[in-house]
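Asker: Below: one structure in structure tokens.
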Amino acid sequence: MKINNKISNLFNKSTLDVAKNLLGAYLVRSTSKEKIIGKIVETEAYLFDDAASHSYKGLSERNKAMFDNPGRAYVYLVYGMYECFNCTTNKKGVGEAVLIRALEPVFGIEKMKRNRRCDDIKNLCSGPGKLTSALGITRKDNFCDLTSAKSRLRIEIPSKKEKFSIVKAKRIGITKGVSLLYRFYIKDNQFVSKK
DNA sequence: TTAATGATGGGCT
DNA sequence: GCCCATCATTAAA
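Each residue of the first sequence is one higher than the one before, starting from 98 at the first, in the working numbering.
See below:
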């Protein structure tokens, strides 16, 4: 797998474009001991003027990573038990991000199974709280630079481009902005959280 | 098969 | 005190 040297240009675009362009990219967790990789198959966009977005009411202690440079991690705790992983987008100060909702397990699958205490490969990363558990992503990864090859958590673009259709749909688990089609997933991929 | 529910804690009013 | 960008378990059908 080759790193695209234009990775830094992946995130400084409109958030809806980034949400689509992240499909097919690889999320890589690497430490000295282990490497875990998943292919991004489902995303959701959260915009600054979007009532469902954490940034809607402006900067706060929790959401300040959303206002940082594009290409950073924004990780938060939801429902008291699960971490959600986002990539920051657009420009510094705007306050937008893309939630990663599902991965297709690619590498380190045995480690994912232990982390999740689950044997069913289709259940390992098919949800935002599941994939962070599978990869060991926590709020300690907040602000992590996803564009650096040295980071413990990063995004990589495969050198050969994969062909797939993108489905546009309503977001899941929100009570505001429910009609917006800000969720994207790879058509017919069996690892998305929900059709 | 789908639907309802409990777990659990931080953010915000 | 209420509201969550969720998930596993249990119950119902």
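Ideal placement from N, C-alpha and C gives every residue a C-beta, glycine not left out.
As the structure is a prediction and not an experimental result, all values here were calculated from the model.
Along the chain, which unbroken stretches of the beta strand (DSSP E) at least 3 residues long are found entirely within the region 111-186?
Answerer: With a minimum length of 3 residues, the continuous beta strand (DSSP E) runs that stay inside the region 111-186 are 123-127, 132-143, 170-175 and 179-185.
Asker: Measure the beta-carbon distance from G224 to A199 and round it to whole angstroms, keeping in mind my assumption that it falls under 8 Å.
Answerer: Translated into positions along the first sequence, residue 224 becomes position 127. Translated into positions along the first sequence, residue 199 becomes position 102. Correct: roughly 7 Å between the Cβ atoms.
Asker: Using a 10 Å radius around the Cβ and a threshold of 16 neighbouring Cβ atoms, would you call Y279 buried or exposed?
Answerer: Working through the first sequence from its first residue, we reach residue 279 at position 182. Y279 should be labelled buried.
Asker: Determine the extent of the alpha helix (DSSP H) in which I206 is found, giving its start and end residues.
Answerer: In the first sequence, residue 206 corresponds to position 109, counting from 1. I206 -> alpha helix (DSSP H) spans I206 to R213.
Asker: Would you kindly report the start and end of the unbroken alpha helix (DSSP H) that includes L107?
Answerer: Locating residue 107 in the first sequence gives position 10, where the first residue counts as 1. Element bounds for L107: n/a, residue is neither H nor E.
Asker: So what's A194 in DSSP terms, helix, strand or just coil?
Answerer: To locate residue 194, count along the first sequence from 1; it is residue 97. It is a strand residue.
Asker: With burial defined as no fewer than 16 other Cβ atoms inside 10 Å of the residue's Cβ, what is the status of T128: buried or exposed?
Answerer: Within the first sequence, the letter at position 31 stands for residue 128. By the neighbour-count rule (16 or more Cβ atoms within 10 Å), T128 is not buried but exposed.
Asker: Can you list, in chain order, the stretches of the alpha helix (DSSP H) that have 4 or more residues and sit fully within the region 210-271?
Answerer: For the region 210-271, whole alpha helix (DSSP H) runs of length 4 or above, ordered along the chain, are 225-232.
Asker: Comparing C-alpha positions only, which one of T272, N166 and K265 sits nearest to D242?
Answerer: As a first step, residue 242 must be located in the first sequence, where it is residue number 145. The option with the nearest alpha carbon to D242 is N166.
Asker: Buried or exposed: which applies to N106, given that a residue is buried once 16 or more other Cβ atoms fall within 10 Å of its Cβ?
Answerer: Along the first sequence, one-based indexing puts residue 106 at 9. Exposed.
Asker: Need the endpoints of the beta strand (DSSP E) that F288 sits in, please.
Answerer: Here residue 288 is taken as the residue at index 191 of the first sequence, counted from 1. From DSSP, F288 is part of no beta strand (DSSP E); its letter is neither H nor E.
Asker: Under 8 Å: do the region 209-216 and the region 140-160 share three or more Cβ pairs, one atom per stretch?
Answerer: The region 209-216, when compared against the region 140-160, does not touch it at the 8 Å Cβ threshold.
Asker: So for Y279, helix, strand or coil by DSSP?
Answerer: Against the first sequence, residue 279 aligns to sequence position 182. Coil at Y279, not helix or strand.
Asker: For K208, which residues of its own chain have a beta-carbon under 7 Å away from its beta-carbon, when the five flanking residues on both sides are left out?
Answerer: The count along the first sequence starts at 1 and reaches residue 208 at position 111. Cβ neighbours of K208 beyond the five flanking positions: E131 and I133.
Asker: Tell me the rounded alpha-carbon separation between L221 and F145.
Answerer: Counted from its first residue, the first sequence places residue 221 at position 124. Counted from its first residue, the first sequence places residue 145 at position 48. Spanning the two alpha carbons is a distance of roughly 31 Å.
Asker: Drop a sphere of 10 angstroms on the beta-carbon of D147, count the other beta-carbons inside from all chains shown, and report buried for 16 or more, exposed for fewer.
Answerer: To locate residue 147, count along the first sequence from 1; it is residue 50. Buried, since its Cβ has 16 or more Cβ neighbours within 10 Å.
Asker: Tell me which residues share the same chain as K265 and place their Cβ nearer than 8 Å to its Cβ, disregarding the 5 neighbours each side in the sequence.
Answerer: The residue you call residue 265 lines up with position 168 of the first sequence. The answer, listed in chain order, is L278, R280 and F281.
Asker: Sort A194, A231, G192 and K189 by Cα distance to G205 and report the nearest one.
Answerer: For the purposes of this step, residue 205 is identified with residue 108 of the first sequence, where counting begins at 1. Per the Cα distances, A231.
Asker: Is the region 180-189 touching the region 149-166 in the sense that three or more CB pairs, one from each, lie closer than 8 Å?
Answerer: The region 149-166 vs the region 180-189: in contact.
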